[in-house]
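Protein chains in written order, with our numbering: chain A, 1 to 79; chain B, 1001 to 1079; chain C, 2001 to 2225; chain D, 3001 to 3727. Note that beta-carbon positions come from the ideal geometry of N, C-alpha and C, so glycine has one too. Treat the numbers as computed from the prediction; the structure is a model and nothing was measured. One structure is given here, and the rest of the page talks about it.
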Ligand SMILES: Nc1ncnc2c1ncn2[C@@H]1O[C@H](COP(=O)(O)OP(=O)(O)O)[C@@H](O)[C@H]1O
Ligand SMILES: [Mg+2]
């Protein structure tokens, strides 16, 4: 069973990377770019047949390691 | 108009980060984890009303900056 | 005074700090991250480097290691803890210090000597420095951009928990002297009990005039005081 | 199974005649696996087939040489029980395709060459060459390469302390990325790659094998063409974290006597490492490919043998040491697998699923690999028709500013601040000086290191150019007070099948040899990189010299920054005003014509040794050699970043100011001397028959040439930094 996880910075946290990317894109002539925020993406494969259980496990992974909850949010999706 | 972009390493390209994360999760007791690969995630907002045009622009951004096509693939989605 | 330096896979300033501690007459021991017990120590140092390659987030994976539980226990019992650079990042990941270290503002690794100002000299770590003394100390990091929420920032100020701030040669903490975009030029902070210090600059690199200067010496002699 | 057609042979970078030789050596047709192995071992990168004949002429011996070329790196004796191990290597093609990973894995590769031999790496250097600044690719290549070098070195925790960065349109389609590593070892604890003993365990350690870089070594030996961007799967991703673990594990295992021989898996991975170890030991080697730790599923023997996955090593262990060694590698979370044994067959035997998949006599791969005596022609020298009087008029001040703000002569802070230069706490002199100084840990002595090249000189007159770079490198070490000991070299050239290019190679090498012999400055390691070019456009010849010198007692570091007010400035060496091939003509008048300045080895040696004597007697405040840009650039560099400038008199003899200030005559230095030391210094110079001139003195705040110009040194500093900051 395969899942995707996206981890993004919370709204009120400064995103220096996104900002630089945004500036660079603007310099490249992308003028109607309104905003860009950068995050992390994971593709996780589990040896599990029970989706509920699997999702719970992924959730645990996010909490324990993949996201820093002080500054980041995460989203899990089955793929 | 808002899009998400995920950038992932091509198959067969070494993912040192994913490897370390995978080992750590296993050490944390996640035993039926089969594999995990890490990538980048972007949320991009454009000031555009024409979806076709917007998508083309995002595609250009990916090619020019967000992805390194030599080792990475990307996917664009409207959100 | 007894010190322990925790070594993670990928730590690379562990030898440097050990040399500094020994030079300053600490009785030092290196502790491999897989150990489950800490030797009795008055000071625990988490050194700089790239623990686990800084993969995922700098400090994140080291923050989950076995030995960290022991460090947390020791910290709660009042043991002195010093986290330098990657050590600072690890301390924030474990929650022993609040806030985070984001990517440098310009997204580039920075290695240079910078000026920092001693904000609080009334602590175990800084009592040999004068208040507002300006030091020149080497920084070398990719993620040193300190960030915290406004509530915690207020607390840092109210309780005098800011250890060092980046400044210029005259002591002004202006934007030009902020190398990495840190909130209010913060270069190092204490926890509430002031037994934990996390800092991005490397005092262990500043103990020898042949390679740099000796502005880092007093941090170690403060601890011995 | 794939039949071996003409096309398959060509895809493997082999010529049809070479294929016939293979058949003769095997006395049969090879299978695909065997063909792949031949192609890896016989390509330029591993076999040195075009260069070997000429490399043999280089002086490689000396009192302090412990190991010359032929091993993973060269080894020199620096007294007591200490040895220094160093080498330089190119990673040009991979860095052009993927600058970050290409440069990073270049650093990783050269580090392995050094710690394989038992050394703890103590410094990294690099020589990087890009196309012209306004070429559309240059900016991203520069960014990628610099962050790749930094990314790898910073993470593994070895300081990057010096290098050179140049821009020239000759590299528009083929950049150069050369990385050099230096390590420190105990003299009696050096490890070699030669296998010894029968039935010894052959052990694979490090990362798993993936499909990375398959055919990377062949790529490094092929010219680019327009679809080279398609050669993507050959790009390797570096993992500095794993390399750090591998380095620590190897160094830990090297503490006792478990290792018979050890070899990193570099270009051509498992193939070249196993072949080299066995053939040097005149043994055979048998590998069970089922045992090779693989990252991907269903990898074939062909892929395993040709993969260039990074961060791997091959070790031959003493009997009974397997468990002990395994424990160490497991401690560092690394794979440790016995994959084979040494045999007495003199063959490489590859087994898979209990079947022999390939078997090749080792001499066919090594000693009987082809060697070519390629046709070469002498460089036709062009006479210059420059008439200085007819050139556009320009003020000295404007020329100075233009050069200082050019890409090539800008301050490299933007680059060097991205490298951790201080980790390990023994960097006594960082980037920015003529050479970096690294103290030997916990000792009084230090080494000085520098890398240098000059492609314009080498292009216009390969022989003189070859001589000149060795001298310039030697001078740079002298300038920081070190006694030069030995060099490594990375020879970056175009297509050797073109007699003109081969001629450049042969003549440059002859020049290098001449200088090295005269200066007693042997070559202990090196690397040849041919086929630098695209679609028949070859790069200018760019041999890069990396030198190491010794400072036996480091009391303070010597550098070029002016230290005091009102000290005397001495110009050592004769000034003739040679402007052909100079930066002045190139940058200001866009003229690249004529011949480089001549090298007078007698003066070179005498001047250098005298300067060293003056430094050793503590009679000088700062020293800078004069190189590209001439006297005025040297003086400007001494002033910028210091608190003092200079006040220079107009020359007494040479009347053309441009010749005097911008001429690039060789063998010269500027010394800053306290007035009360002047007599002593002059005595030394006179005793040694060294030509010198008193050209002025230092002063506060201003850079001044009497009656010509006066500029605030802070302003100069700003000018010198603006290019990178605005790029
Ligand atoms: N890519 C680089 N990495 C590290 N240091 C560099 C790099 N490029 C230039 N430098 C440093 O910048 C300084 C000036 O370089 P260069 O002009 O080539 O010196 P020199 O003429 O004395 O050989 C040197 O100290 C050199 O080490
Ligand atoms: Mg120089």
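Do you know how far the Cα of residue j is from the Cα of residue i?
{"i": "residue 3430 of chain D", "j": "residue 3480 of chain D", "result": "12 Å"}
{"i": "residue 3555 of chain D", "j": "residue 3439 of chain D", "result": "11 Å"}
{"i": "residue 3727 of chain D", "j": "residue 2104 of chain C", "result": "19 Å"}
{"i": "residue 2027 of chain C", "j": "residue 2002 of chain C", "result": "5 Å"}
{"i": "residue 1051 of chain B", "j": "residue 2053 of chain C", "result": "40 Å"}
{"i": "residue 3683 of chain D", "j": "residue 3689 of chain D", "result": "10 Å"}
{"i": "residue 3293 of chain D", "j": "residue 3337 of chain D", "result": "8 Å"}
{"i": "residue 3516 of chain D", "j": "residue 3474 of chain D", "result": "9 Å"}
{"i": "residue 3079 of chain D", "j": "residue 1064 of chain B", "result": "54 Å"}
{"i": "residue 3219 of chain D", "j": "residue 3581 of chain D", "result": "Its pLDDT being 49, under 50, residue 3219 of chain D is placed unreliably in this model, and the value from its coordinates should be taken loosely. The alpha-carbon atoms of residue 3219 of chain D and residue 3581 of chain D are separated by roughly 33 Å."}
{"i": "residue 3620 of chain D", "j": "residue 3471 of chain D", "result": "22 Å"}
{"i": "residue 3369 of chain D", "j": "residue 3042 of chain D", "result": "6 Å"}
{"i": "residue 2036 of chain C", "j": "residue 2007 of chain C", "result": "13 Å"}
{"i": "residue 3050 of chain D", "j": "residue 3044 of chain D", "result": "7 Å"}
{"i": "residue 3476 of chain D", "j": "residue 3611 of chain D", "result": "11 Å"}
{"i": "residue 3154 of chain D", "j": "residue 3160 of chain D", "result": "8 Å"}
{"i": "residue 1081 of chain B", "j": "residue 1035 of chain B", "result": "The shown model of chain B, from 1001 to 1079, leaves out residue 1081 of chain B, and the question about it has no answer."}
Residues in its own chain within less than 6 Å of residue i by CB, not counting five upstream and five downstream?
{"i": "residue 2089 of chain C", "result": "2058, 2059 and 2101"}
{"i": "residue 3252 of chain D", "result": "3328"}
{"i": "residue 2011 of chain C", "result": "2047, 2049 and 2051"}
{"i": "residue 3692 of chain D", "result": "3570, 3572 and 3685"}
{"i": "residue 19 of chain A", "result": "none"}
Report all residues from its chain with a CB closer than 8 Å to the CB of residue i; omit the five preceding and five following residues, and keep chain order.
{"i": "residue 3644 of chain D", "result": "3562, 3563, 3564, 3565, 3698, 3699, 3700, 3701 and 3713"}
{"i": "residue 2179 of chain C", "result": "2104, 2110, 2112, 2114, 2139, 2144 and 2166"}
{"i": "residue 3301 of chain D", "result": "3033, 3289, 3350, 3352, 3357 and 3358"}
{"i": "residue 66 of chain A", "result": "5, 7, 40, 42 and 74"}
So residue i is in the beta strand (DSSP E); what residue range does that whole segment cover?
{"i": "residue 3003 of chain D", "result": "No beta strand (DSSP E) holds residue 3003 of chain D; DSSP gives it neither H nor E."}
{"i": "residue 2987 of chain D", "result": "The shown model of chain D, from 3001 to 3727, leaves out residue 2987 of chain D, and the question about it has no answer."}
{"i": "residue 3571 of chain D", "result": "3568–3572"}
{"i": "residue 3427 of chain D", "result": "3427–3429"}
{"i": "residue 3489 of chain D", "result": "3483–3492"}
Assuming residue i is part of the alpha helix (DSSP H), what are its boundary residues?
{"i": "residue 55 of chain A", "result": "51–61"}
{"i": "residue 3661 of chain D", "result": "3657–3662"}
{"i": "residue 3109 of chain D", "result": "3099–3115"}
{"i": "residue 3723 of chain D", "result": "3713–3726"}
{"i": "residue 2071 of chain C", "result": "2066–2076"}
{"i": "residue 2945 of chain D", "result": "The structure shown does not extend to residue 2945 of chain D, since chain D spans only 3001 to 3727, so no value can be given for it."}
{"i": "residue 2962 of chain D", "result": "The shown model of chain D, from 3001 to 3727, leaves out residue 2962 of chain D, and the question about it has no answer."}
Between which residues of its own chain and residue i is the CB-CB distance below 7 Å, once the five residues before and five after are set aside?
{"i": "residue 3129 of chain D", "result": "3166, 3168, 3171, 3175, 3176 and 3542"}
{"i": "residue 2159 of chain C", "result": "2192"}
{"i": "residue 2121 of chain C", "result": "2127, 2129, 2130 and 2131"}
Next on the checklist: Closer than 8 Å is the cut-off here; do at least three beta carbon pairs connect the segment 2068–2087 of chain C with the segment 2036–2049 of chain C?
Outcome noted: With a cut-off of 8 Å, the segment 2036–2049 of chain C and the segment 2068–2087 of chain C count as touching, because enough Cβ pairs lie within range.
Next on the checklist: Assess contact between the segment 3330–3344 of chain D and the segment 3241–3249 of chain D, defined as three or more Cβ pairs (one per stretch) separated by less than 8 Å. Is contact present?
Outcome noted: Two segments are said to touch when three or more pairs of C-beta atoms, one from each, lie closer than 8 Å; by this definition the segment 3330–3344 of chain D touches the segment 3241–3249 of chain D.
Next on the checklist: Within 8 Å, do at least three Cβ pairs link the segment 3171–3181 of chain D to the segment 3258–3270 of chain D?
Outcome noted: no
Checklist entry - If we count Cβ pairs, one from each stretch, closer than 8 Å, do we get three or more for the segment 3579–3592 of chain D versus the segment 3381–3391 of chain D? => result yes
Checklist entry - Closer than 8 Å, Cβ to any Cβ of chain B: which residues of the segment 2057–2070 of chain C, in chain order? => result 2061 and 2064
Item to check | Residues, ordered as in the chain, of the segment 1023–1039 of chain B that lie near chain A by beta-carbon distance below 7 Å | outcome: 1024, 1025, 1028, 1030, 1032, 1033, 1034, 1035, 1036, 1037, 1038 and 1039
Next on the checklist: Between the segment 3656–3674 of chain D and the segment 3567–3575 of chain D, can you find at least three pairs of beta-carbon atoms closer than 8 Å?
Outcome noted: yes
Checklist entry - Between the segment 3495–3513 of chain D and the segment 3131–3145 of chain D, do at least 3 Cβ pairs fall closer than 8 Å? => result Result no; under three Cβ-Cβ pairs closer than 8 Å.
Checklist entry - Is there contact between the segment 3193–3203 of chain D and the segment 3340–3350 of chain D, where contact requires at least three CB pairs shorter than 8 Å? => result yes
Next on the checklist: At a CB distance below 8 Å, what residues from the segment 2102–2121 of chain C approach chain D? Give them in sequence order.
Outcome noted: Legend: CB atoms of the segment 2102–2121 of chain C lying less than 8 Å from CB atoms of chain D belong to residues 2108, 2109, 2110, 2111 and 2112.
Checklist entry - Using a Cβ cut-off of 8 Å, which residues of the segment 3134–3153 of chain D contact any Cβ in chain C, in chain order? => result 3147, 3150 and 3151
Next on the checklist: Contact between the segment 2146–2156 of chain C and the segment 2123–2138 of chain C is defined here as three or more beta-carbon pairs at a separation below 8 Å; is this criterion met?
Outcome noted: no
Checklist entry - At a Cβ cut of 8 Å, what residues of the segment 1048–1065 of chain B count as close to chain A, listed as they run along the chain? => result If you check each beta-carbon in the segment 1048–1065 of chain B against every beta-carbon of chain A, the ones closer than 8 Å belong to 1048, 1057, 1060, 1061, 1064 and 1065.
Next on the checklist: Give me the subset of the segment 2143–2177 of chain C whose CB atoms are less than 8 Å from a CB atom of chain A, sorted by chain position.
Outcome noted: Residues of the segment 2143–2177 of chain C with a C-beta less than 8 Å from any C-beta of chain A: 2145, 2147 and 2149, listed in chain order.
Checklist entry - Within the chosen definition, does the segment 3051–3068 of chain D reach the segment 1025–1034 of chain B through at least 3 CB pairs nearer than 8 Å? => result No: the two stretches stay apart, fewer than three of their Cβ pairs being nearer than 8 Å.
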